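I have placed the structure first, in the form of structure tokens, so that the comments after it can refer back to it.
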Amino acid sequence: MTDTVLKINFWLLMILMTVLPASYAGCKGSLSYEDTLTLREDFAINPSQSESYNHQFNDLTCAGTNTITPLKTSDIVVGLYNDTVKLALKVTWLNSSEVSLSAGKGDFSAGYRVDVSPANSGASVNISAGSGNSVYIKDVASLSSATATSQSSAFFTLVVCLLSGKSWEPCITSYHNSLAKDGGFYSSNLRVTYNRKQTTCKPEDLNITLPDIALSELTVNGKVARKNASENIRLQCDNLFGDRKQTSRKMVVYLSSSDLLAGSGFILRGNKDNGVGFTLENNNQVVNISSVTEQGGATLLWKVDKPGDVVSSNTVSIPILASYYVYDKSKVKPGNLSATALIYVKYD
Numbered sequence: 003m004t005d006t007v008l009k010i011n012f013w014l015l016m017i018l019m020t021v022l023p024a025s026y027a028g029c030k031g032s033l034s035y036e037d038t039l040t041l042r043e044d045f046a047i048n049p050s051q052s053e054s055y056n057h058q059f060n061d062l063t064c065a066g067t068n069t070i071t072p073l074k075t076s077d078i079v080v081g082l083y084n085d086t087v088k089l090a091l092k093v094t095w096l097n098s099s100e101v102s103l104s105a106g107k108g109d110f111s112a113g114y115r116v117d118v119s120p121a122n123s124g125a126s127v128n129i130s131a132g133s134g135n136s137v138y139i140k141d142v143a144s145l146s147s148a149t150a151t152s153q154s155s156a157f158f159t160l161v162v163c164l165l166s167g168k169s170w171e172p173c174i175t176s177y178h179n180s181l182a183k184d185g186g187f188y189s190s191n192l193r194v195t196y197n198r199k200q201t202t203c204k205p206e207d208l209n210i211t212l213p214d215i216a217l218s219e220l221t222v223n224g225k226v227a228r229k230n231a232s233e234n235i236r237l238q239c240d241n242l243f244g245d246r247k248q249t250s251r252k253m254v255v256y257l258s259s260s261d262l263l264a265g266s267g268f269i270l271r272g273n274k275d276n277g278v279g280f281t282l283e284n285n286n287q288v289v290n291i292s293s294v295t296e297q298g299g300a301t302l303l304w305k306v307d308k309p310g311d312v313v314s315s316n317t318v319s320i321p322i323l324a325s326y327y328v329y330d331k332s333k334v335k336p337g338n339l340s341a342t343a344l345i346y347v348k349y350d
């Protein structure tokens, strides 16, 4: 009986001697690289961009043989300019195979790719730059020598953390720390910057002066076709792209005025106590005018339907014809007449 106990203890000791030294082997280093991705100025009209990064790691703490595993990557939505710009980042490994390190070796290479595209307007933002144009993404692509069990557990915790609504930074830090306890951790941090170039089309001030008209020509209600004046609303467009002069965003042009005759959407009063005012036309069509800053029922004078549309020139001209309009012939009287309309360029 004594011999049996001694043999069991002896074999147990042999097993422990075999296993224990291995627990001291492995990699314990924590190495990282800093990468940058700057989006092109014309990203708004060519909304996709890809960049690849390759790095050489050398962990001097490695002992024994080790396996380095590229960890699962996460798709990330970043917000810039107060989240008015949302970008979807898809991160993939150039080679997702495990790396086997021979005894005492700690050098290996790894590379990843980032594909950037616009995110849906309703997408939840993982990392926001606030009013800025740049975000810093910690551990965007990571590798670890930790066990498969530790990796799966840490990744599950990361997913739960992000789904709970927490921001990227605390979730990825917890993920990093969890894996670093069980092995080496190797990562790349990425700064994404977008110096967006936005097309603007600014209207120039415009004065239209009609020729003088006699009271005898203002005896019938309606437009007076014989006396009018034509001019052009001119828009000066900047930040157009390429030789084709493409725009980076949608826009519409319309008129608004506080001088509209009550109950009318197109007659401008010339004077409160006079029965004569003005109407405007564009391409032989009466121009409806808004009484508020929003377009409402105002006539669309010019538009850009989508980013990338061609303007063809830095100066846009919109023809306008102004005419007298008698809206109350019983109140027609001599005197100067004037009205003001504001030219609105609304961007989307």
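Numbering (our numbering), first residue to last: 3 to 350. Virtual Cβ for every residue (Gly too), placed ideally from N, Cα, C. Since the structure is predicted, the reported quantities are computational estimates derived from the model, not experimental observations.
Asked, Found
"Output needed for A341: all residues of its chain with C-beta closer than 8 Å, excluding positions within five of it in sequence on either side, in chain order.", "S259, D261, L270, R271, G272, G279, F280"
"In or out: G298 buried (at least 16 other Cβ within 10 Å) or exposed?", "exposed"
"Quick one, which of R115, S52, N230, A121 has its alpha-carbon nearest P72's?", "R115"
"Which word fits Y26, buried or exposed, when buried means at least 16 other C-beta atoms lie within 10 angstroms of its C-beta?", "Because Y26 sits at a pLDDT of 41, beneath the cut-off of 50, its placement in the model cannot be relied upon, and the point is left open."
"Below 7 Å between beta carbons: does that hold for T195 and S136?", "yes"
"Quick one: what's got a C-beta closer than 6 Å to A131's C-beta in the same chain, skipping five residues either side?", "L82, V137"
"To the nearest angstrom, how far is the alpha carbon of Y35 from that of S144?", "10 Å"
"Between which two residues does the beta strand (DSSP E) harbouring F371 extend?", "Coverage of the chain is limited to positions 3 through 350, which leaves residue 371 absent and any answer about it impossible."
"Excluding five sequence neighbours on each side, which residues of the same chain lie with their C-beta closer than 6 Å to the C-beta of D77?", "K92"
"Excluding the five sequence neighbours on either side, which residues of its own chain have a C-beta within less than 8 Å of the C-beta of K305, listed in chain order?", "K252, M253, V254, V255"
"Closest to T357 by CA distance: which of Y188, S292, K88, L181 is it?", "With the chain represented from 3 up to 350, any question about residue 357 goes unanswered, as that position is not in the structure."
"If you follow the alpha helix (DSSP H) that F158 is part of, which residue opens it and which one closes it?", "150–165"
"For L303, which of G265, D61, N122, V347 has the nearest alpha-carbon?", "V347"
"Going by C-alpha to C-alpha distance, which of V80, G108, S123, V328 sits closest to V222?", "V328"
"Among F268, N286, S325, P309, which one has its Cα closest to the Cα of A300?", "F268"
"Could you give the distance in angstroms between the alpha-carbon of S146 and the alpha-carbon of E43?", "36 Å"
"Please state whether DSSP places C29 in a helix, a strand or coil.", "coil"
"Where do the ends of the alpha helix (DSSP H) carrying P336 lie?", "Neither: P336 is in no alpha helix (DSSP H) and is coded neither H nor E."
"Label K88 either buried or exposed according to how many other C-beta atoms from any shown protein chain fall within 10 Å of its C-beta, with 16 as the threshold for buried.", "buried"
"Is the distance from the Cβ of C239 to the Cβ of N179 below 7 Å?", "no"
"Keeping to the same chain, check which residues put their C-beta closer than 8 Å to that of S52; ignore five residues upstream and five downstream.", "R115, V116, D117, V118"
"From the DSSP output, which residues share a beta bridge with Q238?", "K204, T317"
"Counting C-beta neighbours from all protein chains within 10 Å, is the total for N197 16 or more, i.e. buried, or is it exposed?", "exposed"
"So for N285, helix, strand or coil by DSSP?", "coil"
"CB-CB under 6 Å to F59, same chain, minus the five flanking residues each way: which ones, in chain order?", "L33, F110, Y188"
"Taking the C-alpha atoms as reference points, what is the distance between V313 and K183?", "58 Å"
"Output the distance between the C-alpha atoms of P172 and T149, rounded to the nearest integer angstrom.", "23 Å"
"In terms of DSSP beta bridges, what is T38 paired with?", "R193"
"So, for K308: in the same chain, excluding its five sequence neighbours on each side, which residues have a beta-carbon less than 7 Å away from its beta-carbon?", "K252"
"Compare the C-alpha of V80 against each of N122, A46, T202, S99 and name the closest.", "N122"
"Between T249, C203, S232, which lies nearest to Y326 when the distance is taken from Cα to Cα?", "S232"
"Determine, for N60, whether the minimum Cβ-Cβ distance to residues of chain C falls below 7 Å.", "Protein chains in the displayed structure number just one, and chain C is not present."
"Taking 6 Å as the limit between beta carbons, can you name the residues of its chain near K335, skipping five residues before and five after?", "N276"
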